[in-house]
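When the letters of the sequence shown are read in order and numbered with my numbering, they come out as residues 238 to 534. The structure under discussion appears below in the form of structure tokens.
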Amino acid sequence: MTGSPPLIVGLGEALYDLLPAGPALGGAPLNAAVQSHQLGNNAVVASRIGDDALGQTLLDDLAGRGMDTSFIQRDPDAPTGTVEITLRDGEPEYEIIGDTAWNRLAWDESLADLAKRCDAVCFGTLGQRLEPARSTIQKFVAAASQTVRLFDLNLRQDYFSAELLEAGCRAASIVKMNEAELATVAPLLGLGQLEEIRQLIEHFDLDLFVLTRGKLGTELHTADSVTIGQPAKFATEPDADSVGAGDACCAAILHGAVRRWSLQQTADLANRLGAFVASRQGATPELPAELLPSGKN
């Protein structure tokens, strides 16, 4: 590519995961943006944090990675979000703390301008659990209607509804979910038990449907094709967890979409990034040079 790198927005929750080994940056849109930045994109987080020490630490962490933090709002009253994570055989279980700052993400001129300028946006269900964040996210995605719009479900606890899922799928050009989420979503959206993916693509006029299958990797579905990524495996570090593996996959999908890569190239990168993050501790480890696309193109 020539010129400026694509502008990719992680829209929604920015928080800290409270892991057994200690706090780590978290929130699916933030994780996807961090990995998109490592891939060579101009990736930013659009969220809201508390005017507290934890929020300042979050800003300092992102700035230390070379990321623009000007689209992260500060809230004078609500604290920076946190999620308690426990691990069972390396698989995370989440307990999301109640009313925190990212629920209060406010629509303003800065976000309106960002929505018009961005090349892609990633959003999910958790960031929309409460107002005003829900309306803000929906306004942003509507204003970014000419861009790549990736709805990465990330179903957590009971913070979703059929109405929210329907609206997200309808607003998106790409929908991503895992196998368990597909089983949950299909009946909520009134889909039959067979060919749920085809029905989703047709009903919501999607450009792409992304199915993640854990260790089996990533499948990319269009109306007339299925692309399966090449398997990838990395040596696992002690205390590794799978937190953020799906978000790394999301970053790869966004990277391929804004660069008009082939589906095979995109699926292969998604598998490599997801497998690497799952072999490390925390959601946003530094990516080794051999994982990065050649020339970051």
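Ideal Cβ placement from N, Cα and C applies to all residues, glycine included.
Nearest-angstrom beta carbon gap, residue j and residue i [assumed within contact, 8 Å]
| i | j | result |
| --- | --- | --- |
| A280 | I333 | The pair is not a contact, with the Cβ atoms about 24 Å apart (cut-off 8 Å). |
| G240 | V320 | The pair is not a contact, with the Cβ atoms about 37 Å apart (cut-off 8 Å). |
| P242 | N278 | 5 Å |
| L506 | G493 | 6 Å |
| P329 | I322 | 5 Å |
| A399 | L425 | 4 Å |
Through-space distance from residue j to residue i, alpha-carbon basis
| i | j | result |
| --- | --- | --- |
| T384 | T464 | 23 Å |
| A489 | L524 | 12 Å |
| P530 | L276 | 7 Å |
| E474 | R517 | 6 Å |
| M238 | E416 | Residue placement at M238 cannot be trusted, given a pLDDT of 45 that sits under 50; the coordinates are not used to answer. |
| V536 | R354 | There is no way to answer for residue 536, as the model of the chain reaches only from 238 to 534. |
| L256 | A477 | 11 Å |
| G532 | A258 | Confidence at G532 is low in this model, with a pLDDT of 49, below 50, so its placement is unreliable and the value that follows should be read with caution. Straight-line Cα distance between these residues: approximately 34 Å. |
| Q436 | T455 | 19 Å |
| S307 | E432 | 43 Å |
| A520 | P260 | 11 Å |
| E439 | L402 | 16 Å |
| E368 | D461 | 38 Å |
| K470 | A512 | 6 Å |
| D288 | I309 | 11 Å |
| R393 | A485 | 18 Å |
| R311 | F360 | 20 Å |
First and last residue of the uninterrupted alpha helix (DSSP H) at residue i
| i | result |
| --- | --- |
| P266 | A265 to Q275 |
| A290 | A290 to G301 |
| T464 | Counting along the chain, T464 falls outside any alpha helix (DSSP H), though it belongs to the beta strand (DSSP E) covering V463 to I465. |
| Q375 | A370 to A380 |
| R407 | A399 to A408 |
Beta-carbon spacing of residue i, residue j below 8 Å
| i | j | result |
| --- | --- | --- |
| L295 | A251 | yes |
| T373 | W339 | no |
| Y396 | T362 | yes |
| K376 | C487 | no |
| R386 | F441 | no |
| I411 | V358 | no |
| R302 | V271 | yes |
| G364 | T337 | no |
| L500 | L457 | yes |
| L348 | S284 | no |
| G249 | P266 | yes |
Start and end residues, beta strand (DSSP E) containing residue i
| i | result |
| --- | --- |
| L181 | Shown here, the chain extends from 238 to 534; a query on residue 181 therefore has no answer. |
| E456 | T455 to H458 |
| D484 | Run containing D484: none in the beta strand (DSSP E); it sits in the alpha helix (DSSP H), A482 to V495. |
| D312 | I309 to D312 |
Within-8 Å CB hit, residue i to chain D
| i | result |
| --- | --- |
| A477 | In the displayed structure, chain D is absent; only one protein chain is listed. |
DSSP bridge partner residues for residue i (one or two, in chain order)
| i | result |
| --- | --- |
| N415 | T449 |
| F513 | According to DSSP, F513 bridges with nothing at all. |
| T323 | E330 |
| D389 | K413 |
| A357 | I245 and V385 |
| V282 | G247 |
| Q436 | DSSP output for Q436 lists no bridge partner at all. |
| Y253 | L262 and T319 |
| G519 | None, per the DSSP bridge assignment. |
Distance cut-off 7 Å: residue i Cβ against heavy atoms of the ligand COA
| i | result |
| --- | --- |
| F513 | With respect to the ligand COA, the structure offers nothing, as it holds no ligand at all. |
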